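Our numbering applies: residue 3 is where the sequence shown begins, and numbers increase by one.
Right, one structure below, let's go through it.
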Amino acid sequence: MTREANRRQFLSGEVFNTAPEPDEAPRKPPASGDSVRLETRAMACTWSVILNPGATEEVMTASSAFERVYELDRRLTIFRDDSELNQLNRMAASGEWHPMSAEVFGLLEQCAELYRGTNGCFDPVTRPLAALWRTCRQNGRVPREEEITQAKSWCGLEHVRFNRDELAISFELKGTGTPPLEIGFDLGAIGKGYAIDVVADELAKGGVDEYMVHGGYSSIRAQGGHNGADGWSVGIKNPLFNSKRLATLVLSNQALSTSGSNVQFFRHEGQRYGHIIDPRTGYPCDELLSVTVVAPTAAEADALSTAFYVMGLDNASSYCDDHPEIGAILVPIPQGTRTLAPVVRNIPETHLFFEP
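Here it is as structure tokens:
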């Protein structure tokens, strides 16, 4: 198939040239309108709840929902020694069972389900690999093969044990050498999404049925519509030019997350290395430039956007074929050109508007 594929081929999941046909007028997304926006800082990013103008009670409910984000930030961060997650991580090398709260235990079980469902492409137990690549980048080199092998020996969610009756977790890591300082869980690829879902639950309890929640702008959940529209218009950045927009997606009763290495990467001896590491190989992924996932929940969208980036184009497309509730926009790294050729899965044409 050539890259001059038509729009129907594109929306069925095949390659599509983002420029419209010469005789085709670009479709436009719904116009935006007035809104009420509440913002705060948590999890090292800006959080927003956007509402339609209306009842003061909805604003109060949204403001109160932020308290849950602050709470989850304190419990899930790896940057506080006293966080619930770090208390577990300190026990990782010992193999001892550690009691957890019901909420965090449930989240880590969800991580295990996503790990199995993606054949290990989503793996939040890879801190030694991330630390190794970060250190090597700072030192202007890439890791040696033996360094990667040793770091991998201290990684892997398959080595985590769950005791549901006791709400306890232990690690059976098969590490070699001295245990690294950074070990255990890092929920950076699902934590914001989970917190967005919690905010959505709080809004629903308060009777708010139309809203959009941003967590760092790369993770979003929308409910209902904006000022009478069928959903909320969400801009998707062009991964080659961050100041430009690739497309607009109308989102309703779904969540969205984007992952990519268009910003966080480095070059060594002419080779490009992104920041998203394939936990199966220990090396950064090099096939896709960006991935946007649409899913029923923000936690799923968050985790799957990382997993799809690791899987690559073919396997991510196959996953969507097997899971029709999951949509994706997959953008391969251009080869010898600056023209993007996105692939779309399970997203209706009526909800997706590419820039001309």
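We put the CB at the ideal spot given by N, CA and C, even for glycine.
No experiment lies behind these values; they were computed from the predicted model shown.
Residue i (DSSP reduced to helix, strand or coil)
i: residue 155; result: coil
i: residue 262; result: strand
i: residue 207; result: helix
i: residue 340; result: coil
i: residue 176; result: coil
i: residue 290; result: strand
i: residue 165; result: strand
i: residue 24; result: Low per-residue confidence applies at residue 24: pLDDT is 45, beneath 50, and the placement is therefore not dependable enough to give any value.
i: residue 139; result: helix
i: residue 1; result: With the chain running from 3 to 358 in the structure shown, residue 1 is simply not present.
i: residue 197; result: helix
i: residue 192; result: coil
i: residue 185; result: coil
i: residue 150; result: helix
i: residue 240; result: coil
i: residue 311; result: helix
i: residue 317; result: helix
DSSP bridge partner residues for residue i (one or two, in chain order)
i: residue 356; result: 249
i: residue 223; result: 215 and 257
i: residue 296; result: 258 and 329
i: residue 51; result: 40 and 215
i: residue 235; result: 252
i: residue 1; result: Nothing in the structure corresponds to residue 1, since the chain is present only between 3 and 358.
i: residue 347; result: 330
i: residue 170; result: 101 and 165
i: residue 335; result: None; residue 335 has no bridge partner.
i: residue 278; result: Its beta-bridge partners do not exist; DSSP assigns none.
Classification of residue i by the beta-carbon crowding that lies within 10 angstroms, buried from 16 upward
i: residue 337; result: exposed
i: residue 183; result: exposed
i: residue 124; result: buried
i: residue 102; result: buried
i: residue 140; result: exposed
i: residue 96; result: exposed
i: residue 24; result: Note that residue 24 scores 45 on pLDDT, short of 50, meaning its location in the model is unreliable and no value can be drawn from it.
i: residue 341; result: exposed
i: residue 241; result: buried
i: residue 207; result: exposed
i: residue 154; result: buried
i: residue 3; result: Low per-residue confidence applies at residue 3: pLDDT is 37, beneath 50, and the placement is therefore not dependable enough to give any value.
i: residue 243; result: exposed
i: residue 281; result: buried
i: residue 199; result: buried
i: residue 47; result: exposed
i: residue 57; result: exposed
i: residue 6; result: Model confidence at residue 6 stands at a pLDDT of 34, short of 50, so the residue's coordinates are unreliable; what they give is reported in the following sentence. Exposed: under 16 other Cβ atoms inside 10 Å.
i: residue 91; result: buried
i: residue 81; result: exposed
i: residue 77; result: buried
i: residue 316; result: exposed
i: residue 339; result: exposed
i: residue 86; result: buried
i: residue 350; result: exposed
i: residue 54; result: buried
i: residue 118; result: exposed
i: residue 36; result: exposed
i: residue 197; result: buried
Are the segment 153-172 and the segment 198-212 in contact at 8 Å, needing three or more beta carbon pairs?
no
Does the segment 144-155 come within contact of the segment 290-303, defined as at least 3 CB pairs closer than 8 Å?
no
For the segment 162-182 against the segment 52-64, do three or more pairs of beta-carbon atoms, one drawn from each stretch, fall closer than 8 Å, so that the two count as touching?
no
Would you call the segment 314-334 and the segment 214-223 touching, i.e. three or more CB-CB distances under 8 Å?
no
Could I get the ranges of all uninterrupted beta strand (DSSP E) runs contained in the segment 47-126, with 3 residues as the minimum, in chain order?
47-53
For the segment 187-207 and the segment 282-302, state whether three or more C-beta atom pairs, one from each stretch, are separated by less than 8 Å.
Contact between the segment 187-207 and the segment 282-302 is established, with three or more Cβ pairs separated by less than 8 Å.
If you pair each beta-carbon of the segment 245-264 with each one of the segment 305-314, do three or more pairs fall below 8 Å?
yes
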